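A.B. asks: Okay, handing you the structure first.
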Amino acid sequence: MRRYSAFAIAREAARYHTGWERAWRSPAPKKEYDVIIIGAGGHGLATAYYLGKNHGITNIAVLEKGWLGGGNTGRNTTIIRSNYLQDASAAIYEKARSLYETMSQDLNMNVMFSPRGVMMLAQTEAEKRGYLRTAHANALQGVQTDFIPPARVKELVPIINLTGPRYPVLGALWQARGGTARHDAVAWGYARACSDMGMDIIQKCEVTGIEQAAGQVTAVQTTRGRIGCGKLAMVVAGHSTALADMAGFRLPIESVPLQALVSEPIKPAINVVVMANTVHGYMSQSDKGELVIGGGADGYNSYTQRGSFHHVEETVRALVETFPMISRLKMMRQWGGIVDMTGDRSPILSRTPLGGCFINAGWGTGGFKSIPGSGWAMAELVANGTPGSLASAFGLERFREGRFIDESVAAGVAH
Amino acid sequence: MLIFECPYCGVMADETELAPGGEAHLTRVGAGADEADFEGYLFHRKNPRGVHFERWRHAAGCGKWFHAARDTMNLEVFGTYSAQVFAPPKELVAVIKKKRPDWEGWV
Ligand SMILES: Cc1cc2nc3c(=O)[nH]c(=O)nc-3n(C[C@H](O)[C@H](O)[C@H](O)COP(=O)(O)OP(=O)(O)OC[C@H]3O[C@@H](n4cnc5c(N)ncnc54)[C@H](O)[C@@H]3O)c2cc1C
Ligand SMILES: [Zn+2]
């Protein structure tokens, strides 16, 4: 693999860009792999990457029914933060956030990680108390967050309206080290690095069946034929139930569309990420100048990758009252992704009732931020067959045992 | 946008006046049930790609709970029916089977 660098750009500019290589190979599937990963989203690719990098396992295929990064990874609003309430969440999200800091160097791909700061507005007394609690919990967990007063909010976000009309801003939970990254680049960077380690990323290859013998997974059936495997990792977000049905076990997951939209591009107006959970909207500005806006999730199961129209109105209404200056902006594009919601709004990194088969799912509305940490922990689980310290709290058995990792209060909104 | 005919008041209601109530016809297990059954009742969901039966409430209308059958892949609505039943009506199942021959049927 030829490395990307400032020198490479100059060299290619001088020869009319004729020397760029393909970023990853597109091989035909082999008959068998040590590990098959289903789903070439961020989590599947990161799992493959850390299996290779941390555990020396490279006879891996990542199977993707569409194109890599074409699921939620390429559809999300890229907020990265780690100020969760529960210890297990803070650990894995903070691991991920810290890995984002060095990801561009690690993958030799500019993922445009921008630690511009993430602000979560407190707009009711209850929300304020909740965030104060999170700030204290984060202090104990070693995650740097602060509860800041309204005056500081206004300093950081001059375009914000602090006084209502429905909900005044009472302060905010502020994580200065949070931010955003380029979602496609994260998927591409992992894919390129995996391909370079000799792994096969096979696109347009849908898994349609799972074969087992004596309680152990042996192979997958795909639209490109049968492929044998020693171990299998399902990392397919909103499509997890379909895969679990093939393997013969049940999941505490429901799939719903979550939407986002972007405005026409404008000059720099806001240089932090603002989330307003009470009125239900969040916003940041991309490097191109578009305002990137997160909308609502539908309240019912659906795989339409579109979402209900009335959520657009709710979201825009919330943001217009928070940032009155955007009221005349046109919205350019709107889309949806199918997110995988669990009962406690926390992810699943787990063994399954089928031997040799592991699952990583349930990141729901907020799993872009966790991609590197999740891949790290999932690789450990798949390589060793048992979860390490990052994944151990996220097993499927927690639902039966009542050990929920309840983030539904801390993360009541889609992000 | 989803539009259901409320089987109680007869109004064609769009989803902004309805509240979703999740998967229908769950077996509600009691205090004596074992852990696995309880886990299933509380957490496991069919979450199908295709035909799905759900509970809905005409929240901003007559207020009644009812059942609905629809397709989760394209939001086509097959029909709505009373809340006071433990399984979808046979006629509705037949209608769906006709439209979706590959559907495994009501199980
Ligand atoms: C609108 C929106 C906004 C969001 N905003 C944020 C945010 O600001 N911050 C944040 O942290 N998170 C956010 N999220 C959540 C985040 O996008 C997801 O949690 C994360 O991208 C999930 O990654 P993944 O790799 O698990 O899934 P995906 O990226 O969806 O990848 C799964 C892949 O599996 C493939 N697949 C499915 N079935 C099969 C099969 N049978 N065979 C082969 N391949 C299959 C799919 O095609 C897909 O490419 C948002 C999500 C959405 C939809
Ligand atoms: Zn009614």
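If you read the sequences in order, they're chains A and U.
Read in this note's numbering, the first sequence has 15 at position 15, and its numbers run on one by one without any break.
Read in this note's numbering, the second sequence has 1079 at position 79, and its numbers run on one by one without any break.
Think of the CB as a built atom: it goes at the ideal place given N, C-alpha and C, for glycine as much as any other residue.
Small disclaimer: the values here were computed from a predicted structure and weren't measured.
1) Under the criterion of a Cβ to heavy atom distance below 8 Å, does Ala1094 of chain U qualify as lining ligand 2?
2) Can you name the residues that DSSP bridges to His1052 of chain U?
3) Which class does Asn138 of chain A belong to by DSSP, given the choice of helix, strand or coil?
4) Straight-line CA distance for Cys229 of chain A to Gly294 of chain A?
5) Going along chain U, which residues have a C-beta under 8 Å from Ile253 of chain A?
6) For His310 of chain A, go through chain U and note every residue whose CB falls closer than 9 Å to its CB, in chain order.
7) With a threshold of 8 Å, establish whether the CB of Ala1083 of chain U neighbours any heavy atom of ligand 2.
8) Based on the DSSP secondary-structure assignment, which residues constitute the bridge partners of Met119 of chain A?
9) First and last residue of the alpha helix (DSSP H) that includes Pro150 of chain A?
10) Would a C-beta distance cut-off of 9 Å place Ile253 of chain A and Gly362 of chain A closer than the cut-off?
11) Whose CB is closer than 7 Å to a heavy atom of ligand 2? List the residues in chain order.
12) Does the Cβ of Thr342 of chain A lie closer than 8 Å to at least one heavy atom of ligand 1?
13) Can you find a CB in chain U that lies within less than 9 Å of the CB of Gly52 of chain A?
14) Am I right that Ala176 of chain A and Gly117 of chain A are in contact with their C-beta atoms under 8 Å? What's the rounded C-beta distance?
15) With respect to the beta strand (DSSP E) encompassing Cys357 of chain A, which residues constitute its N-terminal and C-terminal limits?
16) Taking 8 Å as the line, does the beta carbon of Ala361 of chain A fall inside it for any heavy atom of ligand 1?
17) Residues of the stretch 291-318 of chain A with a CB closer than 7 Å to any CB of chain C: list them in chain order, please.
18) Determine the direct distance from the alpha carbon of Arg15 of chain A to that of His415 of chain A, and round the result to whole angstroms.
19) On the DSSP bridge assignment, give the partners of Val334 of chain A in chain order.
20) Please find out if some non-hydrogen atom of ligand 4 comes closer than 8 Å to the beta-carbon of Val312 of chain A.
21) Quick check on the burial criterion: 16 or more other C-beta atoms within 10 angstroms. Buried or exposed for Met1012 of chain U?
22) Would you mind telling me which residues of chain A sit closer than 8 Å to Gly1040 of chain U, beta carbon to beta carbon, in chain order?
23) Pick from U:Ala1036, U:Arg1057, U:Phe1078: whose alpha carbon is nearest that of Thr1016 of chain U?
24) When you compare the CB of Thr1072 of chain U with every CB in chain A, is at least one pair closer than 9 Å?
C.D. replies: Looking at the coordinates:
1) No, the Cβ of Ala1094 of chain U stays beyond 8 Å of every heavy atom of ligand 2.
2) The partner list for His1052 of chain U (beta bridge, DSSP) reads U:Arg1070.
3) helix
4) 38 Å
5) Arg1045, Asn1047
6) The answer, in chain order, is Met1001, Asp1014, Glu1015, Thr1016.
7) no
8) A:Trp174, A:Val274
9) Per DSSP, the continuous alpha helix (DSSP H) segment holding Pro150 of chain A begins and ends at 150-156.
10) yes
11) U:Cys1006, U:Tyr1008, U:Cys1009, U:Val1011, U:Ala1013, U:His1058, U:Gly1061, U:Cys1062, U:Lys1064
12) no
13) no
14) 5 Å
15) For Cys357 of chain A, the uninterrupted beta strand (DSSP E) run begins and ends at 357-361, by DSSP.
16) yes
17) Absent from the structure is chain C; the protein chains it does hold are A and U.
18) Legend: pLDDT at His415 of chain A = 49, less than 50; position of this residue unreliable, value from coordinates given subsequently. Spanning the two alpha carbons is a distance of roughly 43 Å.
19) According to the sequence displayed, residue 334 of chain A carries Gln and not Val. Answer is A:Leu261, bridged to Gln334 of chain A.
20) Ligand 4 is absent from the structure shown, which contains only ligand 1 and ligand 2.
21) exposed
22) Arg250
23) U:Arg1057
24) yes
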